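For the sequence shown, the UniProt record's numbering gives the first residue as 1, with consecutive numbering after it.
Backbone N, C-alpha and C define an ideal beta-carbon position, used for all residues, glycine too.
As the structure is a prediction and not an experimental result, all values here were calculated from the model.
These notes concern the structure reproduced below.
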Amino acid sequence: MATQQQVHPSLEKAIEESRVDPADEPSVGWGWHGQATKTFRIAGWFFALFLLLMIFNNIETATAIIYLCVSAAVVVGFLLIDIYTRHNRWNR
């Protein structure tokens, strides 16, 4: 019998694609190593829209409207930066 442990081909592929040493981060072998970026992007757009829709609530001061708009602009800014960097990733 072989004394070396056999590694599953899909596990080798996952380790190779992630470029992470399994000794440092064992989760790479489980196939869950990374972030759910598509889910985060959808949630970000939803959150920005939700903040802008809150403007039509029963707000008595303009300060609340300013905070809602600035918060939505920050979220949209991060999403646009993500789109820009994702688009230009191939140019590097």
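Task: Limits of the alpha helix (DSSP H) - the one that Ile-66 falls within - done: Residue 66 sits at position 66 when you count from the first residue of the sequence shown. Where Ile-66 is concerned, the enclosing alpha helix (DSSP H) stretches over 62-87.
Open item on the list: Tell me the DSSP secondary structure of Ile-59 in three-state form.
Closed with: For the purposes of this step, residue 59 is taken as residue 59 along the sequence shown, with counting starting at 1. Ile-59 falls in the coil class under three-state DSSP.
Open item on the list: Just to confirm my understanding: we take Thr-39, look at its own chain, exclude 5 residues before and 5 after, and list those with CB closer than 7 Å. What are they?
Closed with: Residue mapping note: residue 39 aligns to position 39 of the sequence shown, counting from 1. If we look at Thr-39 and ignore the five residues flanking it on each side, it has no Cβ neighbours.
- [ ] Determine the DSSP secondary structure at Ala-43, reduced to helix, strand or coil.
- [x] The residue labelled residue 43 in the question sits at position 43 within the sequence shown. Note: Ala-43 maps to helix in three-state DSSP.
Open item on the list: By alpha-carbon positions, which one of Thr-63, Asp-82, Val-76 ends up nearest to Phe-46?
Closed with: Here residue 46 refers to the residue found at position 46 when the sequence shown is read from its first residue. With distances taken between Cα atoms, Phe-46 lies closest to Val-76.
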